[in-house]
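For the record, the sequence lines run as chains A and L. Using numbering that gives the first Met the number 0, the letters of the first sequence map in sequence onto residues 0 to 238. Using numbering that gives the first Met the number 0, the letters of the second sequence map in sequence onto residues 0 to 238. Worksheet: one structure, shown below.
Protein chains: 2
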Amino acid sequence: MVLAALLRRLNTVSGLENADIAAIRALPIIVRQWEAGRSIVSDGGRPTECCLVIEGFCVRAKTTVSGQRQILSIHIAGEIPDLQSLHLHRMDHDLIAVAASTLGFISHASLRALTRANPNIAEVLWRDTLIDSAIFREWIVNVGQRPAASRLAHTVVELRRRLAITGRAAGDTFEMPLTQEQIGEALGVTPVHANRIIRQLRDDRIVDISRGRVVVLDETKLADLAQFDDRYLHQDPSL
Amino acid sequence: MVLAALLRRLNTVSGLENADIAAIRALPIIVRQWEAGRSIVSDGGRPTECCLVIEGFCVRAKTTVSGQRQILSIHIAGEIPDLQSLHLHRMDHDLIAVAASTLGFISHASLRALTRANPNIAEVLWRDTLIDSAIFREWIVNVGQRPAASRLAHTVVELRRRLAITGRAAGDTFEMPLTQEQIGEALGVTPVHANRIIRQLRDDRIVDISRGRVVVLDETKLADLAQFDDRYLHQDPSL
DNA sequence: GCCGGTTCCCAACAAAGGTTAAGGAGGCGC
DNA sequence: GCGCCTCCTTAACCTTTGTTGGGAACCGGC
Numbered sequence: 000m001v002l003a004a005l006l007r008r009l010n011t012v013s014g015l016e017n018a019d020i021a022a023i024r025a026l027p028i029i030v031r032q033w034e035a036g037r038s039i040v041s042d043g044g045r046p047t048e049c050c051l052v053i054e055g056f057c058v059r060a061k062t063t064v065s066g067q068r069q070i071l072s073i074h075i076a077g078e079i080p081d082l083q084s085l086h087l088h089r090m091d092h093d094l095i096a097v098a099a100s101t102l103g104f105i106s107h108a109s110l111r112a113l114t115r116a117n118p119n120i121a122e123v124l125w126r127d128t129l130i131d132s133a134i135f136r137e138w139i140v141n142v143g144q145r146p147a148a149s150r151l152a153h154t155v156v157e158l159r160r161r162l163a164i165t166g167r168a169a170g171d172t173f174e175m176p177l178t179q180e181q182i183g184e185a186l187g188v189t190p191v192h193a194n195r196i197i198r199q200l201r202d203d204r205i206v207d208i209s210r211g212r213v214v215v216l217d218e219t220k221l222a223d224l225a226q227f228d229d230r231y232l233h234q235d236p237s238l
Numbered sequence: 000m001v002l003a004a005l006l007r008r009l010n011t012v013s014g015l016e017n018a019d020i021a022a023i024r025a026l027p028i029i030v031r032q033w034e035a036g037r038s039i040v041s042d043g044g045r046p047t048e049c050c051l052v053i054e055g056f057c058v059r060a061k062t063t064v065s066g067q068r069q070i071l072s073i074h075i076a077g078e079i080p081d082l083q084s085l086h087l088h089r090m091d092h093d094l095i096a097v098a099a100s101t102l103g104f105i106s107h108a109s110l111r112a113l114t115r116a117n118p119n120i121a122e123v124l125w126r127d128t129l130i131d132s133a134i135f136r137e138w139i140v141n142v143g144q145r146p147a148a149s150r151l152a153h154t155v156v157e158l159r160r161r162l163a164i165t166g167r168a169a170g171d172t173f174e175m176p177l178t179q180e181q182i183g184e185a186l187g188v189t190p191v192h193a194n195r196i197i198r199q200l201r202d203d204r205i206v207d208i209s210r211g212r213v214v215v216l217d218e219t220k221l222a223d224l225a226q227f228d229d230r231y232l233h234q235d236p237s238l
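Structure (structure tokens):
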């Protein structure tokens, strides 16, 4: 069921009525397989559909004039990374699959009809983009204020929490299929320095990040380093 | 007219119909004077109203567990910096007036009634929060990839462009009432380093930032340093 | 099973930015 | 007009991160 992760996530994060679920289920979706590294929408593009991650991993990224790349967010099953394109018609960044992924494409036309007809769903999706925004704010703090090792720890904890919503972070292990270069791009450091801090966290027996997997070795030390406060994820709709 | 800057801005950035303008004009707003440095809403708070900046300057900021502060955005006349609180009920950051300001408070109840009754306005406001989000993305790039002097230049150019919408950046001079410490907090550098780069840009005759005012001395050099691409501001609704 | 590309790993050195510590300029209350 | 407080300014020194340039390990295709 292609909508399973999306419905699970929206229900956890915002709460859905039965009518909402039915309306979302009725959306026409085109499912496609995407290979690792392939771009989904590019900076400057004018997409006419939104992309639901059914399975896999995508990132949003921006490249500066001088050619440096910054990863802005990491997206997992159940998320719609380019939902903003519904009202921001020209892309200001790239969306790329970093691992082989299953994607579902939903036309802007059908989404707009859905939100117009169903203000409740409009608010749920609006809220979803606001949570996206809250995560960007935390990333500004991450790159602006924390030393590189803490940045990595914070990113790892955040991803784990988000994966947990759809049951993709059981135990102390989960997938994070980014190369060290991409981890550096997400943290705002060079690949060499990314390697240094990954090694450091491994040597200190805090987390082992290798071959696209993360193994948490010491919860306490990781929490200490990350100084993670989950409020910004707004996972509880009642709060 | 307290709504002048807001309507001017929404109309530039999204386009408004006459009916929308009338409906916005009918909103009940409580106007209050705010002194410089006074907090408007705090991290963890659960506001029941949104705050429109009628005149003045506000910033949003987060403080880490270890006490470091990061400014997330700068807000000017015509903006609603905590519009996200309409659907994100608990604040994940602070909103503070950095200069003496005139603020208008609009209850969530009346805003929600407005958006429910008028899907067009709902979309305009949704789009507004998406532009907010696009600016956060650019700030991640700014803090993550650019050297400190470019970061400052970029921030200056962005603010100038946004002020220009409501005619508050005529000529080569505009207000930016931040202390050097606050500039540092926005750029993710220490106050000492903020001072270094401000001096450097002054010595190089690029911009003179002092006593809360910015004077652009050399457009070309500034543009060069900032590498500014205004697409992320999404100021043209037709694009 | 080998080959070519990607990814990972590492060391030496350079540069950007952080830390500490201090003095000076300007505004405001009395 | 004096004193206080905030903000700005600067210098010397230290730490983190970037740069350059390498080599080793892994992976998929043939």
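Virtual Cβ for every residue (Gly too), placed ideally from N, Cα, C.
Check: For I196 of chain L and H233 of chain A, the rounded distance between their alpha carbons; Outcome: 37 Å
Check: Within 8 Å, strictly: CB atoms of L129 of chain A and L87 of chain L; Outcome: yes
Check: Alpha-carbon spacing of A22 of chain A relative to L82 of chain A, whole angstroms; Outcome: 17 Å
Check: Under the three-state DSSP convention, the category S84 of chain A falls into; Outcome: helix
Check: Distance CB(N119 of chain L)-CB(D19 of chain L) smaller than 8 Å; Outcome: yes
Check: Minimum Cβ-Cβ distance from F65 of chain A to chain L less than 8 Å; Outcome: The question names Phe, but residue 65 of chain A is Ser in the sequence shown. Yes, because at least one Cβ of chain L sits closer than 8 Å to the Cβ of S65 of chain A.
Check: Straight-line Cα distance separating D207 of chain L from K220 of chain L; Outcome: 13 Å
Check: Secondary structure, alpha helix (DSSP H): runs of 4+ residues fully inside the region 81-144 of chain L; Outcome: 107-116 and 118-144
Check: Chain A contact for L239 of chain L (CB, 8 Å cutoff); Outcome: Lying before the first or after the last residue shown, residue 239 of chain L is absent from chain L, which here runs from 0 to 238.
Check: Nearest neighbour of L26 of chain L, chosen from L:A116, L:D228 and L:L224 [CA to CA]; Outcome: L:A116
Check: Environment of V214 of chain L [buried if 16+ CB atoms lie within 10 Å]; Outcome: exposed
Check: Every unbroken beta strand (DSSP E) within the region 22-50 of chain L, with a cutoff of 3 residues, ordered by chain; Outcome: 29-33 and 38-40
Check: Contact check, L102 of chain L vs I53 of chain L, beta carbons under 8 Å; Outcome: yes
Check: Cα-Cα separation between R210 of chain A and R161 of chain A, rounded to whole angstroms; Outcome: 20 Å
Check: Any C-beta of chain A under 8 Å from that of A121 of chain L; Outcome: yes
Check: Inter-residue spacing [alpha-carbon to alpha-carbon] between A185 of chain A and S13 of chain A; Outcome: 27 Å
Check: Pairwise C-alpha distance: S65 of chain L and E174 of chain L; Outcome: 31 Å
Check: Where the region 90-104 of chain A meets chain L: residues whose CB sits under 7 Å from a CB there; Outcome: D91 and H92
Check: Contact with chain A by G143 of chain L, beta-carbon distance below 8 Å; Outcome: yes
Check: 8 Å Cβ cut-off: residues of chain A touching H74 of chain L; Outcome: What H74 of chain L touches in chain A: nothing, since even the nearest Cβ is about 14 Å away.
Check: Straight-line gap, L200 of chain A to A148 of chain A (C-alpha atoms, nearest Å); Outcome: 8 Å
Check: CA nearest to the CA of R230 of chain A, picked from A:L238, A:D223 and A:L224; Outcome: A:L238
Check: Sequence-distant residues of the same chain with beta carbon closer than 6 Å to A193 of chain A, five excluded per side; Outcome: Q179, I182 and G183
Check: Spatial distance of V188 of chain A from I29 of chain L (CA atoms); Outcome: 46 Å
Check: Nearest-angstrom Cα separation, counted from D42 of chain A out to R8 of chain A; Outcome: 27 Å
Check: CB contact check: P118 of chain L to chain A, cutoff 8 Å; Outcome: yes
Check: Helix, strand or coil at L238 of chain A [DSSP, three-state]; Outcome: coil
Check: Alpha-carbon spacing of H74 of chain L relative to P176 of chain L, whole angstroms; Outcome: 11 Å
Check: Environment of G77 of chain A [buried if 16+ CB atoms lie within 10 Å]; Outcome: buried
Check: 8 Å Cβ cutoff, G187 of chain A in contact with chain L; Outcome: yes
Check: Any C-beta of chain L under 8 Å from that of L129 of chain A; Outcome: yes
Check: Nonlocal neighbours in the same chain, by C-beta distance under 8 Å from T47 of chain L, ignoring five residues either side; Outcome: S106, H107 and A108
Check: With 16 other Cβ atoms within 10 Å as the buried cut-off, status of Q32 of chain L; Outcome: exposed
Check: Per-residue contacts from R230 of chain L into chain A (C-beta, under 8 Å); Outcome: G43, R89 and D91
Check: Outcome for D223 of chain L when other beta-carbon atoms lying within 10 angstroms are tallied against a minimum of 16; Outcome: exposed
Check: Contact list for H233 of chain A against chain L, beta-carbon separation under 7 Å; Outcome: L87
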